[in-house]
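Following: one structure in structure tokens, then a few remarks.
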């Protein structure tokens, strides 16, 4: 008997539908038992200890219910067979229905890690992110090595730097940065990586052999990677300081006009430290001291040192003209840093002959600032634009203001015998340092060089703002600086500069946009 003829009888058709309904109910109960859904009032145990017991009881109940349904179904099938006529006890013919084979289920979507490992290259040459019309932001939750690998494949000027910071690679010039893998107190988040090939910025510190012999060998493997150059050495000795921009994208040197200027003051020296040793307790066997060990200077440093020493007693602690050893009493007190040792030695003198080894523009080193910290008057020989690097124009004695070393020596002798005249060179330490040129040095030093490297790469350069004006400075030989008059004149001068700037382009005297 075929299915069509079987269903022509209303009673058989009704029976067929009931069987289908019962099979549906049976399937639902079976699913509920397998997946822990409520069965006949069972809702699961409240804790893991009783759950196994309750589960066994639920499965037993399910088995009983399935058995009852099977018995009922069997009885109804036999009754239908009896009513079929003919042989009387002939069994129900199984409907001859051909089932189509189901298509295999689709493969599950690959995980994120598989996509990163097998994805095709996108337009920005980044292997790991599927091609998309919109640049995909990197996932900051990925492990650190993966984050570094993805770094320079995304434009640092447009990506979310809070989630995905700038990466720098270098043997840091300031060694303590090794202990600070991530930049702090920087408006642009950055972190160090040892994987230079994937860094946003790869910094080169090259002295011997020339920058051109090193940088071209480093192949850029990321579209957005930049090269940086860092050096604090004089261009008079290392000409690559001047032509580094021919080989790299970002240059950081002592020159204020470089992309990322780095001054020797650095913001970490207390140059306003005032006369730690009273004048009457300073040494009398010599009034000046030097710490010079490069005897092959490219300027007239040796001539000035020798000439001054012939007029006034001078102690030379370096290898050049060496005539004095550091006292043991000072060595025993200063064990932390060599600079502390130098401060302790210098503070017992009136003058420090801090002569640079060259007169290269902008090359003002720690020699000058160490004299300030020690509380002595620096006698300085250096670049012609030294004014850009000092807190006060009356804070030092320029050797170039004198016709000869001997003339300079006689002036130092005069000051040593007239304390009032000598103290004029220390008077500036009593008042705020507000020279615009010095405030600009302070502004630059407020952010460390690596932070400013990161800012430059992120499209937010933090450069020196070149200004050719200075704060008015009045000096009275008898009473020192007249503070009230000085502040009044500076306020008037600032107002005048602001008015002039307003006519020219809407900037105030500090160079900031209004």
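Numbering (UniProt numbering), first residue to last: 1 to 514. By construction, the Cβ of each residue, glycine as well, lies at the ideal position given by its N, Cα and C atoms.
Compare the C-beta of residue i against all C-beta atoms of chain C and say whether one is closer than 8 Å.
| i | result |
| --- | --- |
| residue 398 | In the structure shown, chain C cannot be found, because there is only a single protein chain. |
Given this structure, state the Cα-to-Cα distance separating residue i from residue j, to the nearest angstrom.
| i | j | result |
| --- | --- | --- |
| residue 19 | residue 9 | 15 Å |
| residue 196 | residue 342 | 37 Å |
| residue 326 | residue 204 | 37 Å |
| residue 296 | residue 372 | 26 Å |
| residue 436 | residue 393 | 12 Å |
| residue 426 | residue 495 | 29 Å |
| residue 348 | residue 218 | 50 Å |
| residue 345 | residue 229 | 35 Å |
| residue 464 | residue 378 | 25 Å |
| residue 254 | residue 168 | 20 Å |
| residue 245 | residue 421 | 47 Å |
| residue 389 | residue 417 | 29 Å |
| residue 117 | residue 156 | Here the model assigns residue 117 a pLDDT of 40, short of 50, so the residue's position is not dependable, and the following value carries that caveat. About 23 Å. |
| residue 414 | residue 292 | 25 Å |
| residue 265 | residue 365 | 7 Å |
| residue 442 | residue 158 | 29 Å |
| residue 239 | residue 430 | 40 Å |
| residue 187 | residue 328 | 46 Å |
| residue 262 | residue 450 | 10 Å |
| residue 398 | residue 385 | 12 Å |
| residue 387 | residue 207 | 28 Å |
| residue 369 | residue 161 | 36 Å |
| residue 21 | residue 11 | 15 Å |
| residue 434 | residue 214 | 42 Å |
| residue 380 | residue 212 | 34 Å |
| residue 237 | residue 503 | 44 Å |
| residue 498 | residue 439 | 17 Å |
| residue 321 | residue 294 | 11 Å |
| residue 232 | residue 252 | 8 Å |
| residue 243 | residue 383 | 20 Å |
| residue 330 | residue 424 | 28 Å |
Whose C-alpha, out of the options, is nearest the C-alpha of residue i?
| i | options | result |
| --- | --- | --- |
| residue 310 | 377, 297, 244 and 407 | 407 |
| residue 269 | 210, 339 and 320 | 339 |
| residue 170 | 163, 202, 185 and 198 | 202 |
| residue 190 | 207, 164 and 212 | 164 |
| residue 185 | 381, 455 and 207 | 455 |
| residue 221 | 238, 241, 154 and 235 | 154 |
| residue 461 | 237, 215, 243 and 258 | 258 |
| residue 303 | 214, 161, 400 and 375 | 400 |
| residue 248 | 409, 319, 288 and 453 | 453 |
| residue 354 | 199, 290, 260 and 198 | 290 |
| residue 350 | 300, 362 and 284 | 284 |
| residue 225 | 241, 237, 250 and 210 | 250 |
| residue 410 | 278, 314 and 331 | 314 |
| residue 298 | 438, 363 and 352 | 363 |
| residue 412 | 445, 330, 307 and 359 | 307 |
| residue 358 | 301, 260 and 403 | 301 |
Name, in chain order, the residues that DSSP records as bridge partners for residue i.
| i | result |
| --- | --- |
| residue 190 | 166 |
| residue 354 | 380 |
| residue 228 | 203 and 250 |
| residue 441 | Per DSSP, none; premise fails for residue 441. |
| residue 519 | For the chain, the structure presents residues 1 to 514; residue 519 sits outside this window and is missing. |
Tell me the DSSP secondary structure of residue i in three-state form.
| i | result |
| --- | --- |
| residue 459 | coil |
| residue 451 | helix |
| residue 290 | strand |
| residue 316 | strand |
| residue 498 | helix |
| residue 385 | coil |
| residue 333 | coil |
| residue 410 | helix |
| residue 280 | helix |
| residue 340 | helix |
| residue 349 | coil |
| residue 299 | coil |
| residue 518 | Any answer about residue 518 is impossible in this case: the structure gives the chain only from 1 up to 514. |
| residue 24 | helix |
| residue 419 | helix |
| residue 324 | coil |
| residue 196 | helix |
| residue 307 | helix |
| residue 221 | coil |
| residue 374 | helix |
| residue 215 | helix |
| residue 464 | coil |
| residue 236 | coil |
| residue 244 | helix |
| residue 361 | coil |
| residue 19 | helix |
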